[in-house]
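Protein chains: 2
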Amino acid sequence: MFKTEAEFLKAYNKNEFDRPSITVDIVVFSVSSGEAENWRKLSQKKMSVLLVKRDTFPFKNKWCLPGGFLKMDETLDEAAKRVLLNETNMKNIYLEQLYTFSDLKRDPRMRVVSTAYVALIDKNKYEEVAKAASWYKINLNIENNLYSFVLENEKEKLVFKVKKEGDHFVSVDSELAFDHDLVIAYALNRIKNKLEYTNIVFSLMPEYFTLGELQQVYEVILGKKLLDPAFRRVIANKVVKTDKVKKGGGHRPSVLYKFKDD
Amino acid sequence: MFKTEAEFLKAYNKNEFDRPSITVDIVVFSVSSGEAENWRKLSQKKMSVLLVKRDTFPFKNKWCLPGGFLKMDETLDEAAKRVLLNETNMKNIYLEQLYTFSDLKRDPRMRVVSTAYVALIDKNKYEEVAKAASWYKINLNIENNLYSFVLENEKEKLVFKVKKEGDHFVSVDSELAFDHDLVIAYALNRIKNKLEYTNIVFSLMPEYFTLGELQQVYEVILGKKLLDPAFRRVIANKVVKTDKVKKGGGHRPSVLYKFKDD
DNA sequence: TGAATAGTGTCTGTGAGACAATATTAT
DNA sequence: ATAATATTGTCTCACAGACACTATTCA
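Chains B and Z, in that order, are what the protein sequence lines are. In case it helps, the numbering used here puts the first sequence at residues 1248 to 1509. In case it helps, the numbering used here puts the second sequence at residues 1248 to 1509.
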């Protein structure tokens, strides 16, 4: 029929088939310090996720992940960076493709396939976040395979539950827009798994941090207490001691460390 | 503007924006036993990947991964299963979403975003494969961050090289169609990483196997020799001894094991 | 008998878990 | 002085690496 590839391409009808839309959604995590019980105690750290309030249909006034449509002249990675920059003014941060979600009914408007990304930041570097965006602290309770999330704010609480079935999550009940309950569950899971064998934690930390703070972040992501000496042994070769210290609590001051990038 | 979500949806123009096409591509791996040097020796196992020859433009007569366009009424998972069934007659096999590739020029026809899947099978269960499909044994040489692949067949050799940069691969040189060099590199990497902390190996094995055979598969995927006693200790609790044995080599017969599914 | 794989025993060093002990601060 | 965290020391146990040794088959 066609002799050359050039000839074929010229005659090709791009619009022969109907196509889904493609979006990117981004799960932006950071660690926020909650309130301390008293002046002596350390403030309790929690994982936080950035949500935006939808101001249009569908799901008007519901909260969802920052996201947007993929443009024809950008890759998914580029789209993710663009969204992040637009909605949160964040640049040069840890960004990783998570998973592509394609359920038929995930968007009531039309067929939308969405590639989700995870971003990790030290939230204190980006105090101002887009008008409609807000940090929610994550409280997660796991019983058997039921993951109960409570995302909370100074103003609001959002609840959702997902069930883990093998490697997948299934929605049980959600107050978020779209299937973003699943996306968050999936994302947290990914981060948890990668914690041990990568250096992603440091994306959540400021330049200088104490080992206590670092350990708290580990504990918050893994959802369990770690033993101090064991943690220090393991982390020792990823980290360099500085000559700075953090004083001020009613207890022994703590040496500040930096990430050791080999 | 709109009072209710229903009202909004009714007026929504789905075709306001131009959209990329979406495809799925599948990296089907299996382990094939090569030739033995002599009757006494065990046959050398290799990872194999299933390729199909393109019979139309673009990339006419080039080899590529089995794949196809996503239909409007199916999820990506379903599309992957459909492709697998069509092209290879395979059903109920291990299938996992790998990554979504979105480079602007990956398909010369038009903008195509492709979600890649990995499938693992015991190739002996599926002797007949679609007409245009063929198994290629994978030879991989890694030097620093340069991964040199040679895929070989009874008839043909396909060569490609990719560079690993952080978590990503970059094409250096490829005889395959599209960006399927990257997809294969990415897939092999994923399998290698998951080998230790999952049970995916057993998807590559027949129901009954010897520990020697299992060890060979590990060695082939990891690209290094393992010590027998250590391997047996680690694998012991994932496996049950049967009362069958495998005789026939000029050496002590080997007990056949089964996967222990808890 | 000999080449080849199957399978076991054991020594050693590393590293995680557990817990105890010491150090230092602000009030 | 006290409550709280910071930091180090050390004992034990599990386990991986290394290597040696035994077992069994079939041309």
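We put the CB at the ideal spot given by N, CA and C, even for glycine.
Residue i versus residue j: straight-line alpha-carbon distance, rounded
{"i": "residue 1301/Z", "j": "residue 1421/B", "result": "45 Å"}
{"i": "residue 1310/B", "j": "residue 1298/B", "result": "6 Å"}
{"i": "residue 1399/Z", "j": "residue 1485/Z", "result": "33 Å"}
{"i": "residue 1270/B", "j": "residue 1480/Z", "result": "47 Å"}
{"i": "residue 1402/Z", "j": "residue 1313/Z", "result": "19 Å"}
{"i": "residue 1497/Z", "j": "residue 1404/Z", "result": "33 Å"}
{"i": "residue 1265/B", "j": "residue 1382/Z", "result": "33 Å"}
{"i": "residue 1505/B", "j": "residue 1463/B", "result": "16 Å"}
{"i": "residue 1308/B", "j": "residue 1363/Z", "result": "35 Å"}
{"i": "residue 1257/Z", "j": "residue 1357/B", "result": "11 Å"}
{"i": "residue 1407/B", "j": "residue 1367/B", "result": "22 Å"}
{"i": "residue 1392/Z", "j": "residue 1492/B", "result": "39 Å"}
{"i": "residue 1377/B", "j": "residue 1334/B", "result": "5 Å"}
{"i": "residue 1394/Z", "j": "residue 1414/B", "result": "29 Å"}
{"i": "residue 1277/B", "j": "residue 1499/Z", "result": "58 Å"}
{"i": "residue 1432/Z", "j": "residue 1490/B", "result": "44 Å"}
{"i": "residue 1284/Z", "j": "residue 1455/B", "result": "59 Å"}
{"i": "residue 1353/Z", "j": "residue 1360/Z", "result": "8 Å"}
{"i": "residue 1287/Z", "j": "residue 1451/Z", "result": "24 Å"}
{"i": "residue 1487/B", "j": "residue 1426/Z", "result": "41 Å"}
{"i": "residue 1379/Z", "j": "residue 1296/Z", "result": "14 Å"}
{"i": "residue 1321/Z", "j": "residue 1349/B", "result": "8 Å"}
{"i": "residue 1315/Z", "j": "residue 1373/Z", "result": "21 Å"}
{"i": "residue 1494/B", "j": "residue 1507/B", "result": "23 Å"}
{"i": "residue 1329/B", "j": "residue 1317/B", "result": "10 Å"}
{"i": "residue 1253/B", "j": "residue 1303/Z", "result": "12 Å"}
{"i": "residue 1249/Z", "j": "residue 1453/B", "result": "44 Å"}
{"i": "residue 1371/B", "j": "residue 1251/Z", "result": "38 Å"}
{"i": "residue 1467/Z", "j": "residue 1279/Z", "result": "10 Å"}
{"i": "residue 1509/B", "j": "residue 1351/Z", "result": "33 Å"}
Residues near residue i by beta carbon distance below 6 Å, same chain, minus five either side
{"i": "residue 1281/B", "result": "1290, 1291, 1293"}
{"i": "residue 1396/B", "result": "1387, 1407"}
{"i": "residue 1275/Z", "result": "1297, 1366"}
{"i": "residue 1340/B", "result": "1366, 1368"}
Beta strand (DSSP E) segment containing residue i, residue limits
{"i": "residue 1298/Z", "result": "1292 to 1300"}
{"i": "residue 1363/B", "result": "1359 to 1367"}
{"i": "residue 1410/B", "result": "1404 to 1412"}
{"i": "residue 1469/Z", "result": "Run containing residue 1469/Z: none in the beta strand (DSSP E); it sits in the alpha helix (DSSP H), 1458 to 1469."}
{"i": "residue 1304/B", "result": "First-last for residue 1304/B: undefined, no H or E at that position."}
{"i": "residue 1264/B", "result": "Where residue 1264/B is concerned, there is no enclosing beta strand (DSSP E), given that its DSSP letter is neither H nor E."}
{"i": "residue 1385/Z", "result": "1380 to 1390"}
{"i": "residue 1488/Z", "result": "1486 to 1493"}
{"i": "residue 1314/B", "result": "1314 to 1316"}
{"i": "residue 1376/Z", "result": "Run containing residue 1376/Z: none; DSSP gives neither H nor E here."}
{"i": "residue 1393/Z", "result": "1393 to 1399"}
{"i": "residue 1506/B", "result": "1501 to 1506"}
Partner residues on chain B for residue i, Cβ-Cβ distance less than 9 Å
{"i": "residue 1362/Z", "result": "1347, 1349, 1360, 1362"}
{"i": "residue 1266/Z", "result": "1266, 1267, 1268, 1269, 1316, 1317, 1319"}
Contact belief for residue i with residue j at Cβ below 8 Å, rounded distance in angstroms
{"i": "residue 1503/Z", "j": "residue 1457/Z", "result": "6 Å"}
{"i": "residue 1267/B", "j": "residue 1305/B", "result": "Actually they do not touch by this definition, with Cβ atoms about 16 Å apart."}
{"i": "residue 1459/Z", "j": "residue 1501/Z", "result": "6 Å"}
{"i": "residue 1418/B", "j": "residue 1429/B", "result": "6 Å"}
{"i": "residue 1323/Z", "j": "residue 1344/Z", "result": "7 Å"}
{"i": "residue 1482/B", "j": "residue 1461/B", "result": "7 Å"}
Residue interval of the alpha helix (DSSP H) (run including residue i)
{"i": "residue 1440/Z", "result": "1427 to 1444"}
{"i": "residue 1334/Z", "result": "1323 to 1335"}
{"i": "residue 1354/Z", "result": "Taken as a continuous stretch (DSSP letters only), residue 1354/Z belongs to no alpha helix (DSSP H), as it is neither H nor E."}
{"i": "residue 1449/B", "result": "Note, residue 1449/B: premise wrong, no alpha helix (DSSP H); not H, not E."}
{"i": "residue 1475/B", "result": "1475 to 1482"}
Beta-carbon neighbours of residue i, restricted to chain Z and to distances below 9 Å
{"i": "residue 1517/B", "result": "Residue 1517/B lies beyond the residue range present for chain B, which begins at 1248 and ends at 1509; the question has no answer from this structure."}
{"i": "residue 1530/B", "result": "The requested residue 1530/B is not part of the displayed model; chain B covers only 1248 to 1509."}
{"i": "residue 1291/B", "result": "Chain Z residues near residue 1291/B: none, gap ~30 Å exceeds 9 Å."}
Close beta carbons around residue i, own chain, < 8 Å, minus the five adjacent residues each side
{"i": "residue 1465/B", "result": "1442, 1448, 1473, 1478"}
{"i": "residue 1389/Z", "result": "1395, 1470"}
{"i": "residue 1424/Z", "result": "1301, 1305, 1306, 1309, 1310, 1311"}
{"i": "residue 1412/B", "result": "1392"}
{"i": "residue 1337/Z", "result": "1275, 1331, 1366, 1368, 1373"}
Beta-carbon neighbours of residue i, restricted to chain Z and to distances below 7 Å
{"i": "residue 1270/B", "result": "The premise fails here: residue 1270/B is roughly 11 Å from chain Z at the closest Cβ pair, so nothing lies under 7 Å."}
Residues of its chain near residue i, where Cβ-Cβ distance is below 7 Å and the 5 sequence neighbours each way are ignored
{"i": "residue 1327/B", "result": "1271, 1273, 1342, 1364"}
{"i": "residue 1409/Z", "result": "1394, 1416, 1417, 1418, 1419, 1428, 1429, 1432"}
Where residue i meets chain B, residues with beta-carbon distance less than 8 Å
{"i": "residue 1249/Z", "result": "1304"}
{"i": "residue 1322/Z", "result": "1349, 1350, 1351"}
Cross-chain neighbours of residue i in chain B, by beta carbon under 7 Å
{"i": "residue 1367/Z", "result": "Ordered by position in chain B, no residue passes the 7 Å Cβ test against residue 1367/Z, which lies about 14 Å from the chain."}
{"i": "residue 1463/Z", "result": "Neighbours of residue 1463/Z on chain B: none; closest Cβ ~25 Å, over 7 Å."}
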